[in-house]
Amino acid sequence: MTNHNLPDKATVPFILTALGVEEERLRAQGIAPETLATIYNDFVQRQQELNTIGAQVIATLQQAREVHVLRYRVKDPLHLLRKVIRKKDEYPERSIDGLNYMDWINDLVGVRAIHLYKEAWRTTGQFIQDVWELKRPPIAYVHPEEDKAVVQQYQEAGFDIRPHSNGYRALHYVISTQPYKQRYYIEIQLRTLFEEGWSEIDHAIRYPDQHCNAIVRDLLTILNRFTGQADSIATFIQIMLEQIQTRIPLSMEQHHLLQDQLAALPITEEERQKLLQHLKRLSAGDQTP
1 MTNHNLPDKA
11 TVPFILTALG
21 VEEERLRAQG
31 IAPETLATIY
41 NDFVQRQQEL
51 NTIGAQVIAT
61 LQQAREVHVL
71 RYRVKDPLHL
81 LRKVIRKKDE
91 YPERSIDGLN
101 YMDWINDLVG
111 VRAIHLYKEA
121 WRTTGQFIQD
131 VWELKRPPIA
141 YVHPEEDKAV
151 VQQYQEAGFD
161 IRPHSNGYRA
171 LHYVISTQPY
181 KQRYYIEIQL
191 RTLFEEGWSE
201 IDHAIRYPDQ
211 HCNAIVRDLL
221 TILNRFTGQA
231 DSIATFIQIM
241 LEQIQTRIPL
251 SMEQHHLLQD
261 QLAALPITEE
271 ERQKLLQHLK
281 RLSAGDQTP
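The sequence shown begins at 1 in UniProt numbering and counts up one residue at a time.
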């Protein structure tokens, strides 16, 4: 997890060169380069402890039954300094230094919990809140044109709703943990397998310093739309499997509900009519393959 190409102890000249910033610009922003060096050197000394904490969080989340894949990372020291600079831009009144940066930066360790199905956020989110204290209400990053019913579900569950201009979708929980003397804040992100694939591609192109041109941005937008559509189909598959496994004929209300969900799927009319025929068979109690 540690970047072995970086020094264990940084000097101000190294920090300025590695970040590609001028000392005058930092000082005009209210940041002393010496402070960045102090944060860097303190953080590097904590990386082994943070790796241990990340592994502990992963081990705990493995008990959440609907989590499909778990991974974690400890923040890169230079990425941490860039985030400190961005936070100072965002909140100029804040004083971030080598003693309090751990209180301001919520993702020194970042954990991703990946689900197969969209609705799994409910049980995993509840598991997280049962195990850990949250630093703040969870955040739901949604597409600007997200389904209103989905947004309402998040609101009712206490999420801070934040539409994301790039179409990023994920649920972010910031937990408080203190297995040793120091308290740390860890960010846990919940997303589906499809959302993770899109996010990885988008992240590789946009973060932290790269800029993409108009055609790449448009292609990422199209890929994001396909991601949402794939999750919709996966959810419908899950619903149908549960219904088939119960071996109980569909009620009229269930039939109409599934019809409405089927109508919203991004498929051709021929595919839709074929699925409607299957749905009619299920409503009649026909469970044959």
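Cβ coordinates follow ideal geometry from the N, Cα and C atoms, glycine included.
Keep in mind it's a predicted model, so treat the numbers as computed, not measured.
Hey, could you find the ends of the beta strand (DSSP E) Pro-13 is sitting in?
On the sequence shown, residue 13 is found 13 positions in, with the first residue counted as 1. It is not in any beta strand (DSSP E) - Pro-13 instead sits in the alpha helix (DSSP H) that spans 12-19.
Below 8 Å, how does it come out for the segment 85-93 and the segment 158-165: are there three or more Cβ pairs, yes or no?
no
Which runs of the beta strand (DSSP E), 3 residues or longer, sit entirely within the UniProt domain "RelA/SpoT" (72-213)?
109-115, 139-142, 160-163, 170-177, 184-192
Name the residue from Arg-46, Glu-269, Arg-112 whose alpha carbon lies nearest to the alpha carbon of Tyr-72.
Taking the sequence shown and counting its residues from 1, one reaches residue 72 at position 72. The option with the nearest alpha carbon to Tyr-72 is Arg-112.
Select from Arg-169, Pro-138, Ser-251 the residue whose C-alpha is nearest the C-alpha of His-203.
In the sequence shown, counting from the first residue as 1, residue 203 sits at position 203. Considering only alpha carbons, the answer is Arg-169.
If contact is defined by three or more beta carbon pairs under 8 Å, each pair taking one atom from either stretch, is the segment 4-16 in contact with the segment 24-40?
yes
Does DSSP put Val-69 in a helix, in a strand, or in coil?
The sequence position of residue 69 within the sequence shown is 69, counting from 1. Three-state DSSP puts Val-69 in a strand.
Can you find at least 3 beta carbon pairs, one from the segment 229-241 and one from the segment 257-267, that sit closer than 8 Å?
yes
Okay, do the segment 239-250 and the segment 211-225 touch, 3+ Cβ pairs below 8 Å being the bar?
no
Can you name, in chain order, every residue of its own chain whose Cβ lies under 8 Å from the Cβ of Asp-97, other than the five neighbours on each side?
As a working note, residue 97 is residue 97 in the sequence shown. These residues qualify, in order along the chain: Thr-35, Thr-38, Ile-39.
Around the Cβ of Pro-7, are there at least 16 other Cβ atoms within 10 angstroms (buried) or fewer (exposed)?
Counting from one through the sequence shown, the residue named residue 7 turns up at place 7. Pro-7 comes out exposed.
Exposure label - Gly-20; buried when at least 16 CB within 10 Å:
As a position in the sequence shown, residue 20 is number 20, starting the count at 1. Under this definition Gly-20 is an exposed residue.
Determine, using beta-carbon pairs with one atom in the segment 95-109 and one in the segment 185-193, whether at least three such pairs fall under 8 Å.
yes
Would you decide whether Gln-178 is buried or exposed? Buried here means 16 or more other CB atoms lie within 10 Å of its CB.
To locate residue 178, count along the sequence shown from 1; it is residue 178. Exposed is the call here.
When the distance is taken between beta carbons, is Ala-32 closer than 8 Å to Leu-78?
Within the sequence shown, the letter at position 78 stands for residue 78. Within the sequence shown, the letter at position 32 stands for residue 32. Cβ distance not < 8 Å, so Leu-78 and Ala-32 don't count as in contact.
On the criterion of 16 or more Cβ atoms from any shown chain inside 10 Å, does Leu-26 qualify as buried, or is it exposed?
Counting from one through the sequence shown, the residue named residue 26 turns up at place 26. That one is buried.
Can you grab the Cα-Cα spacing for the pair Arg-94 / Ile-237, in whole Å?
Walking along the sequence shown from the start, residue 94 turns up at place 94. Walking along the sequence shown from the start, residue 237 turns up at place 237. Approximately 48 Å, taken between the alpha carbons.
Counting along the chain, where does the alpha helix (DSSP H) carrying Gly-54 start and finish?
Here the question's residue 54 lines up with position 54 in the sequence shown. Residues 33-61.
Can you tell me which of Ser-283, Tyr-154, Ile-114, Phe-127 puts its alpha carbon nearest to the alpha carbon of Ala-140?
The count along the sequence shown starts at 1 and reaches residue 140 at position 140. If we check each option's Cα against that of Ala-140, Tyr-154 comes out closest.
Going straight from the alpha carbon of Gly-197 to that of Arg-191, what length do you get?
Along the sequence shown, one-based indexing puts residue 197 at 197. Along the sequence shown, one-based indexing puts residue 191 at 191. Between Gly-197 and Arg-191, the C-alpha separation is close to 10 Å.
In this structure, does DSSP put Tyr-246 in helix, strand or coil?
As a position in the sequence shown, residue 246 is number 246, starting the count at 1. Just to set this straight, residue 246 is Thr in the shown sequence, not Tyr. It is helical.
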